[in-house]
Amino acid sequence: MQPFTATVIKIIKEIPEGKVMSYGQIATYAGSPRGARQVVRILHSMSHKYSLPWHRVVNKVGEIKISDGHQADRQKELLEREGVFFIRDHQVDMSRSQYDRA
DNA sequence: AGGGTGACGGGAA
DNA sequence: CTTCCCGCCACCC
């Protein structure tokens, strides 16, 4: 496994409950500022086998952008359950719920 | 090899 | 606020 992939998985597993991180933010912490799309791939292909808190990852402005609507609703549900703040239906209030420092 | 595709991001208009 | 465009990069035909 690539070191980048391992680091990304580690970072995601460290996101605390009630907090979220953006794809680009995770890529940056993992040492690849332009690797947001790889973070997407990793989530898409390994969230299950590594039991990652995939729902705690949103885009830069806090929006849930999963193409599958059913999964998107599921993510919103999980986040609300942990007390993440929303400013709109499918948008997290990043000023209050973004996890800084990893 | 070569083209299409994102659960992205940043900048311009 | 909304488009539109471009860079990015691993993966999948």
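Its first residue numbered -16, the first sequence is counted upward by one per residue in the numbering used here.
Ideal Cβ placement from N, Cα and C applies to all residues, glycine included.
Predicted model, so just to flag it, every value in this text is computed and none were measured.
Beta-bridge partners of residue i, as assigned by DSSP
{"i": "residue 69", "result": "75"}
{"i": "residue 41", "result": "5"}
{"i": "residue 81", "result": "3"}
{"i": "residue 46", "result": "74"}
Rounded straight-line distance, which links the Cα of residue j to that of residue i
{"i": "residue 6", "j": "residue 33", "result": "17 Å"}
{"i": "residue 20", "j": "residue 40", "result": "13 Å"}
{"i": "residue 82", "j": "residue -2", "result": "7 Å"}
{"i": "residue -9", "j": "residue 61", "result": "21 Å"}
{"i": "residue 63", "j": "residue 69", "result": "8 Å"}
{"i": "residue 66", "j": "residue -16", "result": "34 Å"}
{"i": "residue 72", "j": "residue 53", "result": "14 Å"}
{"i": "residue 11", "j": "residue 46", "result": "19 Å"}
{"i": "residue 57", "j": "residue 9", "result": "22 Å"}
{"i": "residue 42", "j": "residue 84", "result": "17 Å"}
{"i": "residue 27", "j": "residue 49", "result": "10 Å"}
{"i": "residue 78", "j": "residue 1", "result": "13 Å"}
{"i": "residue 75", "j": "residue 23", "result": "18 Å"}
{"i": "residue -6", "j": "residue 38", "result": "14 Å"}
Residue environment, residue i, which counts as buried when at least 16 other CB atoms sit within 10 Å
{"i": "residue 80", "result": "buried"}
{"i": "residue 59", "result": "buried"}
{"i": "residue 36", "result": "buried"}
{"i": "residue 44", "result": "exposed"}
{"i": "residue 18", "result": "buried"}
{"i": "residue -11", "result": "exposed"}
Distance between beta carbons of residue j and residue i, contact taken as under 8 Å
{"i": "residue 30", "j": "residue -13", "result": "Their Cβ separation, rounded to whole angstroms, is 16 Å, which puts residue 30 and residue -13 out of contact at 8 Å."}
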